[in-house]
Amino acid sequence: MKIATHELRCTECGTRIAGTAVNSIFRCTICNGLYDVIYPWSAIPNGDTPATDSRLPNASALRWLWQERRTSTMSVDQSGVWRFRDLLPIVDDLDHVVTLREGNTPLYDLPRASKALGVDWILAKHQGMNPTGSFKDTGMTAALSVARERGFEWVACASTGNTSAAMAAYAARAGMRSIVFIPEGKIAWGKLSQSMDYGALTIQLKTDFDGCVNVLTDLVNRFPIMLLNSVNPYRLEGQKTPAFELVEQLEWQVPEHVIVPGGNLANGSALAKGFSEMHHLGLIPRIPKVSIIQAEGANPLYRSLQENGGEELIPVKANTRATAIRIGNPASWRKALRALRTTGGWCEQVSEQEIALAKAEIGSEGIGCEPASAVTLAGLKKLVAQGKIGREERVVLILTGHTLKDSTYTIDYHRGELFTDEESTQISGSDQILHAALRKPPIVLDADTDTVFRALESQMKLVHA
Ligand code: F0G
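Counting in numbering that gives the first Met the number 0, the sequence shown runs from 0 upward without gaps.
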């Protein structure tokens with residue numbers, strides 16, 4: 000039975016096409032805009048026919064069904080993405096689904112950060128707990144399943160490391176081949192090792208992420224290879240499902256704020272789509288404000304909003320140690336802008352020093368994350384200081400990647416080797432104290448019990464002081 004009922008709709012000019020009619024770069028042939036996946040029940044912006052009530056899935060039935068599937072032994076039910084498949088009918092045959100049981104990620108509280116910031120309720124949805132250690136798995140299961148159903152043998156992406164790790168793993172599961180373009184020397188080793196481990200053809204290009212995208216675009220235009228970057232709208236159908244999972248975990252209560260890191264700028268809009276769809280279907284009474292945080296050195300959206308109100312993107316030459324979001328010319332910036340406007344969220348930027356502090360704080364809660372994910376806590380501090388987020392409001396940070404993705408960064412931080420002297424002098428006095436308390440460099444000692452005891456004693460006195 001054919002169950003795929005979707006179309007693609009250009010987010011710029013509104014043109015609709017059948018999913019199978021899309022070109023290899025996932026761009027509208029009329030205006031070059033990006034597509035959204037839409038369904039007969041979707042709320043379509045002005046000008047299009049809205050769905051009639053009879054076509055809307057029933058909210059209570061969905062809640063019940065999604066809960067029931069949790070006890071199933073079927074792989075599609077055990078997946079935290081495909082468990083919600085009623086709202087992402089993008090494949091005709093569920094046998095084509097490629098899953099590693101992604102999703103089902105924990106929602107943690109951050110008691111120390113809450114106390115320090117004076118915000119009652121800070122939670123972290125840890126997407127780094129996915130099978131390949133990042134939120135990309137939720138999108139990759141969706142897009143790779145579509146690629147498999149459409150008979151592709153090859154898939155490809157340009158990546159700062161996480162997309163490529165996820166793509167390589169899912170392609171391997173599907174028995175398909177994958178090509179990865181990564182900027183040479185600018186991704187974390189853990190991520191590079193993953194794409195090799197999962198058998199991708201890994202190509203390091205002597206350029207940055209944006210340069211990798213250019214080569215990839217030429218490649219998919221010439222060969223039958225499915226492009227799996229986040230311009231592929233099927234990715235975002237998977238990446239919207241953590242929004243469903245999140246409110247389900249909160250017993251259908253809606254937080255006031257959701258904060259995401261911004262790189263190529265697709266994920267914020269994917270989550271906003273998930274929240275908007277739930278709202279439209281009556282699953283939730285309102286949508287949270289979705290805010291996007293960029294690193295100061297890779298801040299094209301922030302800059303564009305400051306300088307021209309988001310009229311035009313001002314690309315930047317990106318540079319940040321949070322290599323996952325080292326992107327200067329993000330493809331999905333207009334979608335991100337729409338997410339900010341429809342949800343009422345903000346875009347902020349944070350410095351390298353602020354990212355490092357926030358990362359150490361998240362680590363000290365026993366959770367940990369990669370540097371790019373820590374921009375969420377650093378950004379939250381700014382939004383609280385600006386009075387945009389109040390004490391009694393509920394905040395969810397989306398931690399996008401696992402701490403083991405970039406252990407070099409963590410080790411450099413704790414050894415005090417992350418920053419140049421000049422950068423260190425830019426850290427405020429109060430933050431210096433926090434850094435000093437959080438840094439836990441390894442201690443090298445002779446293997447002699449007395450020496451070890453003496454060292455422990457001095458450490459433990461410090462703790463008790
Ligand atoms: N956090 C992490 C850990 C990421 O890997 C990325 C993007 C983002 C946040 C930003 O998400 O691009 O949707 O705004 N990584 C991509 C990659 C670009 O190739 O792995 P976005």
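The beta-carbon is built from N, C-alpha and C at its ideal position, and this holds for glycine as well.
Computed from a prediction, not measured in an experiment: that's the story for all the values here.
Quick check: is any heavy atom of the ligand F0G less than 7 Å from the C-beta of residue i?
i: Ile-326; result: yes
i: Ser-290; result: no
i: Pro-260; result: yes
i: Glu-369; result: yes
i: Ala-454; result: no
i: Asn-231; result: no
i: Ala-265; result: yes
i: Ala-323; result: yes
i: Asn-213; result: no
i: Asn-22; result: no
i: Gly-309; result: no
i: Ser-372; result: yes
i: Lys-135; result: yes
i: Asn-298; result: no
i: Gly-210; result: no
i: Asn-161; result: yes
i: Gly-344; result: no
i: Thr-399; result: yes
i: Ser-74; result: no
i: Ser-158; result: yes
According to DSSP, what are the bridge partners of residue i?
i: Ser-177; result: Val-154
i: Pro-260; result: Ile-292
i: His-125; result: Leu-398
i: Met-225; result: Val-154
i: Cys-9; result: Tyr-34
i: Glu-347; result: Ile-292
i: Asp-108; result: Leu-122
i: Ala-359; result: None; Ala-359 has no bridge partner.
i: Ala-17; result: Glu-6
i: Ile-286; result: In DSSP, Ile-286 forms no bridge with anything.
i: Gln-518; result: Missing from the structure shown is residue 518; the chain here goes from 0 to 464 and no further.
i: Ser-133; result: Gly-400
i: Arg-26; result: Leu-33
Just to confirm my understanding: we take residue i, look at its own chain, exclude 5 residues before and 5 after, and list those with CB closer than 7 Å. What are they?
i: Ala-454; result: Ile-442, Leu-444
i: Thr-206; result: Pro-182
i: Pro-98; result: According to the sequence as given, residue 98 is Thr; it is not Pro. Around Thr-98: Ser-74, Val-75, Ser-78, Trp-81, Thr-140.
i: Arg-172; result: Val-97, Leu-99
i: Gln-425; result: Gln-352
Could you round the C-beta distance between residue i and residue j to whole angstroms and report it? I think they count as a contact, below 8 Å.
i: Cys-156; j: Leu-227; result: 4 Å
i: Ile-29; j: Thr-19; result: Actually they do not touch by this definition, with Cβ atoms about 18 Å apart.
i: Asp-375; j: Pro-223; result: Note on residue identity: the sequence assigns Thr, not Asp, to residue 375. Thr-375 to Pro-223, Cβ: 38 Å. No contact.
i: Lys-334; j: Ala-265; result: 7 Å
i: Gly-262; j: Ile-324; result: 4 Å
i: Ser-423; j: Gly-344; result: Not confirmed; about 32 Å, so no contact.
i: Thr-341; j: Ser-275; result: 7 Å
i: Gly-415; j: Pro-440; result: 7 Å
If you measure from the CB of residue i, is any heavy atom of the ligand PLP nearer than 7 Å?
i: Lys-124; result: This structure simply doesn't include the ligand PLP; it includes the ligand F0G instead.
Closer than 8 Å by C-beta to residue i: which residues in its own chain qualify, once you throw out the five before and the five after it? Chain order, please.
i: Ile-24; result: Thr-216, Val-219, Asn-220, Leu-226, Val-230
i: Val-96; result: Ser-74, Val-75, Ser-78, Trp-81, Val-90, Thr-140, Ser-144
i: Pro-232; result: Leu-7, Phe-25, Leu-33, Tyr-34, Asp-35, Val-36
Any idea if residue i is buried or exposed, counting beta-carbon neighbours within 10 angstroms, 16 or more meaning buried?
i: Ala-377; result: buried
i: Gly-117; result: exposed
i: Cys-12; result: exposed
i: Ala-435; result: exposed
i: Pro-254; result: buried
i: Pro-287; result: buried
i: Trp-65; result: buried
i: Asn-298; result: buried
i: Asp-405; result: buried
i: Arg-320; result: buried
i: Glu-247; result: buried
Who are the Cβ neighbours of residue i in its own chain at under 6 Å, not counting the five residues just before and after it?
i: Asn-318; result: Gly-296
i: Ala-464; result: Residue confidence for Ala-464 is low, a pLDDT of 48 falling below 50, so the modelled location carries little weight and cannot support an answer.
i: Lys-272; result: Lys-239
i: Phe-151; result: Met-225
i: Leu-93; result: Val-75
i: Thr-450; result: Leu-444
Any beta carbon of chain B sitting closer than 8 Å to that of residue i?
i: Thr-424; result: As a matter of chain content, chain B is missing from the structure shown, which is built from one protein chain.
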